[in-house]
Each structure stands twice: as C-alpha cells, then as structure tokens.
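Undergrad: Residues in the sequence shown are numbered from 71 upward in steps of one, following full-length UniProt numbering.
Glycine residues also receive a C-beta, built at the ideal position from the N, C-alpha and C atoms.
Every value quoted in this text rests on a predicted model; they were computed, and no experiment measured them.
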Amino acid sequence: DYGMSEADPEVWKIISKEKERQFKSLELIASENFTSRAVMEAVGSCLTNKYSEGLPGKRYYGGNEYIDELEMLCQERALEAFHLDGKMWGVNVQPLSGSPANFEVYTAILNPHDRIMGLDLPHGGHLSHGFMTPKRRVSGTSIYFESMPYRLDESTGLVDYNMLEKTANLFRPKLIIAGASAYPRDFDYLRMRKIADSVGSFLMMDMAHISGLVAASVVADPFEYCDIVTTTTHKSLRGPRGGMIFFKKDPVLGVDLESAINNAVFPGLQGGPHNHTIGGLTVCLKHAQSPEFKAYQNKVVSNCRALANRLIGLGYKLVSGGSDNHLVLVDLRPMGIDGARVEKILDLASITLNKNSVPGDKSALVPGGIRIGSPAMTTRGFTEKEFVATADFIHEGVQIALEAKELVSGSKLQDFIKFVTSPSFSLRDQVLD
Ligand code: PLP
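#1: Spatial neighbours of G194 within its chain, please: CB distance less than 6 Å, with the 5 preceding and 5 following residues excluded, ordered by chain position.
#2: Determine the closest residue to K425 out of L260, L418 and K414, with distance taken between C-alpha atoms.
#3: Do you know offhand how far P165's Cα is from V113's?
#4: Compare the Cα-Cα distances from T226 to each of A330, E80, F173 and D401 and report the closest residue.
#5: Please work out which residues of its chain come closer than 8 Å, Cβ to Cβ, to Y231, disregarding the five sequence neighbours upstream and downstream, and give them in chain order.
#6: What number of angstroms, rounded off, separates the C-alpha of L381 from the C-alpha of I442?
#7: So, using beta-carbon positions, are I186 and G200 closer together than 7 Å?
#8: Runs of 4 residues minimum, wholly inside the region 440–481: which ones carry the alpha helix (DSSP H) assignment?
#9: Is there contact between the region 453–467 and the region 284–301, where contact requires at least three CB pairs shorter than 8 Å?
#10: Measuring only from the beta carbon, is H196 closer than 6 Å to any heavy atom that is part of the ligand PLP?
#11: Taking DSSP as the reference, what is the three-state secondary structure of T303?
#12: Which residues in the same chain as K120 place their Cβ atom closer than 6 Å to its Cβ, once the five residues preceding and following it in sequence are excluded?
#13: Which of the three DSSP states, helix, strand or coil, is assigned to I280?
#14: Are at least three pairs of beta-carbons, each pair with one atom in the region 435–450 and one in the region 379–396, less than 8 Å apart?
#15: For A446, verify whether its CB is less than 6 Å away from any heavy atom of the ligand PLP.
#16: Work out the CA separation of E123 and N368 for me, nearest whole Å.
#17: May I ask whether a heavy atom of the ligand PLP can be found less than 6 Å away from the beta carbon of S287?
#18: Hey, out of M314, E150 and V353, whose CA is closest to E111's CA?
#19: Which residue's Cα is closest to the Cα of V163: Q340, N379 and P493?
#20: I'd like the list of long-range same chain contacts for E135, defined as Cβ closer than 8 Å, with 5 residues on each side in sequence excluded.
#21: How close, in whole Å, do the beta carbons of D276 and N172 come, if the pair is a contact with beta carbons under 8 Å?
#22: Between which two residues does the alpha helix (DSSP H) harbouring residue 35 extend?
#23: Residues bridged to S217 by DSSP?
#24: Return the chain-ordered list of same chain residues with a C-beta closer than 8 Å to the C-beta of M158, the five sequence neighbours on each side being excluded.
#25: Would you list the residues sitting across from V322 in a DSSP beta bridge?
#26: Relative to the alpha-carbon of Q484, which residue among L435, P126, A330 and A148 has its alpha-carbon at the smallest distance?
#27: At the level of alpha carbons, what is the spacing between P437 and T237?
#28: I'd like to know whether the C-beta atoms of A141 and I464 end up nearer to each other than 7 Å.
#29: Does the beta-carbon distance from D256 to V288 come in below 7 Å?
#30: When DSSP builds the beta bridges, which residues end up paired with D223?
#31: Consider the Cβ of V400: report whether some Cβ of chain C lies at a distance smaller than 7 Å.
#32: Considering only heavy atoms of the ligand PLP, does any lie closer than 6 Å to the CB of T302?
#33: What span of residues does the beta strand (DSSP E) with A252 cover, start to end?
#34: Look at the alpha carbon of Y220 and the alpha carbon of I246, and state the distance between them as a whole number of angstroms.
#35: Looking at C-alpha atoms only, which residue of G342, T460 and T449 is the closest neighbour of R107?
In structure tokens:
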C-alpha cells in the first residue's frame, strides 16, 4: 500500500490546495467546522469497507460483530451526549446527512400529501423543511407533502408564533418543524408544543445548526417538548458529515416512532450505513461529553456576541437585533449593498461567509444579507478579541464593495464579479492586503 501523493498525485494536489485554503482563510460559514484528527482517522479507516444493512443484532450481512459493537456504542453515547434517558428516547445514527434524516422522518410519520409547516427558507428555514416558490415546488419535501411555511415577524426578526398558531388552525398540519439554518435566536418550544397539541400535530426540531450548543446546554433544550429531534453531525457538534434522528419511545399520536423511523431509514430510504461516518460520530460524541467541549460551546456563543456587538457599533443592522447562538444575520440593505457583492469581495480576501436572504428580500440570488458564524474560528482558537477584529475586516470589505459598485459599469452581479476579479481592479491590492 502506498500514500495518495504517489497513487494519485492529481487528487492529492487538489486536497493539498483545499487544505491550504482552509488553513489560510477566515472560515465564517455558520454550518461549517473543523473536526478533530481522531474523527478524521475513524472516517478514513477500514470501517468504510463493511456492509451492514439493518440494525445491531439484526443485519443482512455476516461479519458484523465489531460494527454492531460500534453502532451500539454510538447510540449509547448519542443519548448520553444529549442527556437522554434510554428508556424514553431512542436514536438512529445511520442517516447519511441532515436532509435525508429529515425526509426519513417525514416518510416515517406522514402519508404522501399530508400537511407540514416549517420556517420559510427566505426567513431562515432549510430547504428540506418544505421550501417552494409560487412557481415551483423546489424541495422533495414540498413535492411529496403539502407545505405551508410559517415566517418571521419582519418588524422584530423573531418567529411570528401568533401567525403560526392562526395558520396552523386553518391548515391543520400533521407535522410542525422547529429549527433553522439562519436564525440567531432560540425557538420557543413550549409555545410550539401548545400549537402542535391544539391541532393534533407532531412536533419535530431540526437542531442541525445548534446541536453542539444543545449538547453543552448553552441554548434551550428541544428534547423537553419535541417528539422527534433530527440533526446533522458536522456543524457546531464538530463531527463527521452525517445525521441522526432521536425519537420518543412511547407511541405519539398512535404511532410507534421507533419502528416507523428505523424502517424509514432502512429499508425505506437507505441501504448500507456508512460505518466510517458512524465511527467518526462515535468519537465526536465522546468529545461532546467533555468539559473542554462545554467550554468550547460557551466560547462559540460569547465570540458570536462579541462579533454582533462590534457590528452593531459599526452601524450594522442585525436581524432580530443580535444573537443568542452561533450566528448573526446582517441586513446590508441600509448600507446600500447586497450580500452577494460583499461575499465576493470577502472571498477575494480569504474571508469565507455566505450571502443570505433577510426578511423582506426580493431575490435569493442577490439577497440583502450575509450570515456569519463563530463555530469554525472558535475551534481554531479565536477569542472575542479576534472576532472584534473580524468584524472590522468585514466592515472594510463592505466599504470596498461599495466603492467597487460605484466604479463598475453595468448593474448586474456578473458585471461586478467580472470587474472585481480583473487584474485592473484598482482596489484589488487593498482587498488582498
Ligand atoms: N437542516 C438544517 C437546519 C440545515 O441547516 C442543514 C444544512 O445546512 C440541513 C438540515 C441539511 O443538512 P445536509 O446538508 O447534511 O443534508
């Protein structure tokens, strides 16, 4: 056996370049993180070679004694990491990622065309919560189920629970989904539980973004009020790319969630589990129970707050006015610029974040905001001081984007990108400084 640099220099070179990019840039994408060497070792291990369709002790292939041991350890650690009693909660650790985990839940507890309500994507929700436009059912969730999103109150930037309640009373959903990809505040699970109960609906939380914060108890606990909790494993939780589904063991609305969800994962929607991912996840879930992990998650939140406060001090408008978690959503429209142009300029300066729609936006391609997250750079050792400096860098990028926008001929985003990436862009040196 020999190393990749000899076996495939082309791929090795690409990976080396990506490694350097990750090392050199300020990684501020709220859904990303740097996992540990130990997790990567498990992900790159012989576990990838093994087929193990089924669950521990009930496999469709031989040779699974160690895989069974691993998956059971993973389940045990998952319940421990989220402070759950194994008599009341179960978990499936096989979902390949967050979107499949969500779809598995839907197919487990709903019939085709049953009604669901999730947070609208332009208001911070995720595609897999049922996104559709007036013209198109964009996500598989909205194709196979009837989706009626709830939204934020645009004046406060907070979930409009009154509107959710009113709409739920008319629409009578069978499932209400809490959770978001770009929401800087906690959800009011108790309020959502009451709404779900009043219409006879299941309540699910997709805690993908905040699962690390939940494990460390630095945000509200969704398990207190929800029937089902899904998550990705690679965001604030800092594990390998994967997904998990937690479910109540007692039947809910007459449905045995344990068998419905396990069957939806396999054979419903998946074949063999990715055992190398389960290996990495098991390692991650051990980390997630350590005092260092709790200290890290506390820093994720305090760093984010420092970033938010500095941005407010610099005159920026934040959706909801601040942040209780790991991300801020900046509304750039009052500054006279959009998220796409700022994202591009910051990209040129090796500051990686993403453009994001903000309440009231017209276009998803050229949205009015940016989303900034603290988990990845906190892993890299940033403290509040560096996050304050980061806010200043972002501010500089916004000034350059504004200047460039004045200079560019043509109003399309493409004109802007062509201009700022051309060697003649006179502010280029400033960006690269
Ligand atoms: N759920 C939420 C809230 C997310 O933010 C994301 C991804 O960003 C997902 C689900 C989907 O996860 P994946 O990209 O692993 O399918």
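TA: So, from the data block:
#1: The count along the sequence shown starts at 1 and reaches residue 194 at position 124. Within the same chain, and ignoring the five residues on either side of G194 in sequence, the residues whose Cβ sits closer than 6 Å to its Cβ are A250, A252 and Y253.
#2: Within the sequence shown, numbered from 1, the residue matching residue 425 stands at position 355. For K425, the nearest C-alpha among the options comes from K414.
#3: Here residue 165 refers to the residue found at position 95 of the sequence shown. Here residue 113 refers to the residue found at position 43 of the sequence shown. Their backbone Cα atoms lie some 15 Å apart in a straight line.
#4: To locate residue 226, count along the sequence shown from 1; it is residue 156. Ranking the options by Cα distance to T226, first place goes to D401.
#5: Stepping through the sequence shown from its first residue, residue 231 is reached at position 161. So the list reads D258, R261, M262 and I265, once near-sequence residues are dropped.
#6: Within the sequence shown, numbered from 1, the residue matching residue 381 stands at position 311. Within the sequence shown, numbered from 1, the residue matching residue 442 stands at position 372. The alpha-carbon atoms of L381 and I442 are separated by roughly 11 Å.
#7: Taking the sequence shown and counting its residues from 1, one reaches residue 186 at position 116. Taking the sequence shown and counting its residues from 1, one reaches residue 200 at position 130. Yes, they are a contact pair.
#8: Taking only runs of at least 4 residues, the alpha helix (DSSP H) segments lying wholly in the region 440–481 are 445–449 and 454–477.
#9: As far as the Cβ criterion goes, the region 453–467 does not touch the region 284–301, which means the pair count is below three.
#10: Taking the sequence shown and counting its residues from 1, the one referred to as residue 196 is at position 126. For H196, the shortest C-beta to heavy atom distance toward the ligand PLP is below 6 Å.
#11: Position 233 of the sequence shown, counted from the start, is the residue given in the question as residue 303. It is coil, neither helix nor strand.
#12: What you label residue 120 is simply residue 50 of the sequence shown in a count that begins at 1. Setting aside the 5 residues that flank it on each side, K120 is surrounded in the same chain by I137 and N345, each with a C-beta closer than 6 Å to its C-beta; the list follows chain order.
#13: Position 210 of the sequence shown, counting from 1, holds the residue named residue 280. Coil, per DSSP.
#14: Enough Cβ pairs lie closer than 8 Å, so yes.
#15: To locate residue 446, count along the sequence shown from 1; it is residue 376. No, Cβ of A446 sits at least 6 Å from all heavy atoms of the ligand PLP.
#16: Here residue 368 refers to the residue found at position 298 of the sequence shown. Here residue 123 refers to the residue found at position 53 of the sequence shown. CA-CA distance, N368 to E123, rounds to 38 Å.
#17: Numbered from 1 along the sequence shown, position 217 holds the residue referred to as residue 287. No - the ligand PLP has no heavy atom lying nearer than 6 Å to the Cβ of S287.
#18: Here the question's residue 111 lines up with position 41 in the sequence shown. Checked all of M314, E150 and V353; the closest Cα to E111 is V353.
#19: Counted from its first residue, the sequence shown places residue 163 at position 93. Each of Q340, N379 and P493 was checked against the Cα of V163, and the nearest Cα belongs to Q340.
#20: Reading the sequence shown from its first residue, position 65 is the one you call residue 135. Here the set comprises nothing.
#21: Translated into positions along the sequence shown, residue 276 becomes position 206. Translated into positions along the sequence shown, residue 172 becomes position 102. With 8 Å as the limit, D276 and N172 qualify as a contact, their Cβ atoms being about 6 Å apart.
#22: Here the chain covers residues 71 to 503 and nothing more, so residue 35 does not appear.
#23: Residue numbering aside, residue 217 sits at position 147 when the sequence shown is read from its first letter. S217 is bridged to I186.
#24: Locating residue 158 in the sequence shown gives position 88, where the first residue counts as 1. Only K318, K319 and D320 meet the Cβ criterion.
#25: Here residue 322 is taken as the residue at index 252 of the sequence shown, counted from 1. Partner residues in the beta bridge of V322, as assigned by DSSP, are V325.
#26: If you number the sequence shown from 1, residue 484 lands on position 414. Distance from the Cα of Q484 is smallest, within the candidate group L435, P126, A330 and A148, for L435.
#27: Taking the sequence shown and counting its residues from 1, the one referred to as residue 437 is at position 367. Taking the sequence shown and counting its residues from 1, the one referred to as residue 237 is at position 167. Cα-Cα distance, rounded: 27 Å.
#28: Residue 141 sits at position 71 when you count from the first residue of the sequence shown. Residue 464 sits at position 394 when you count from the first residue of the sequence shown. Note that residue 141 is Glu in the sequence shown, not Ala. 7 Å or more divides the Cβ of E141 from the Cβ of I464.
#29: Reading the sequence shown from its first residue, position 186 is the one you call residue 256. Reading the sequence shown from its first residue, position 218 is the one you call residue 288. No, they are not a contact pair.
#30: By one-based count along the sequence shown, residue 223 stands at place 153. The partner list for D223 (beta bridge, DSSP) reads L228.
#31: No chain C appears in this structure, which consists of one protein chain only.
#32: Sequence index remark: in the sequence shown, residue 302 carries index 232 (1-based). At least one heavy atom of the ligand PLP is nearer than 6 Å to the Cβ of T302, so yes.
#33: Working through the sequence shown from its first residue, we reach residue 252 at position 182. First-last for A252: undefined, no H or E at that position.
#34: Within the sequence shown, residue 220 is the residue found at index 150, counting from 1. Within the sequence shown, residue 246 is the residue found at index 176, counting from 1. Going by C-alpha positions, Y220 is about 10 Å away from I246.
#35: As a working mapping, residue 107 is identified with position 37 in the sequence shown. Per the Cα distances, T449.
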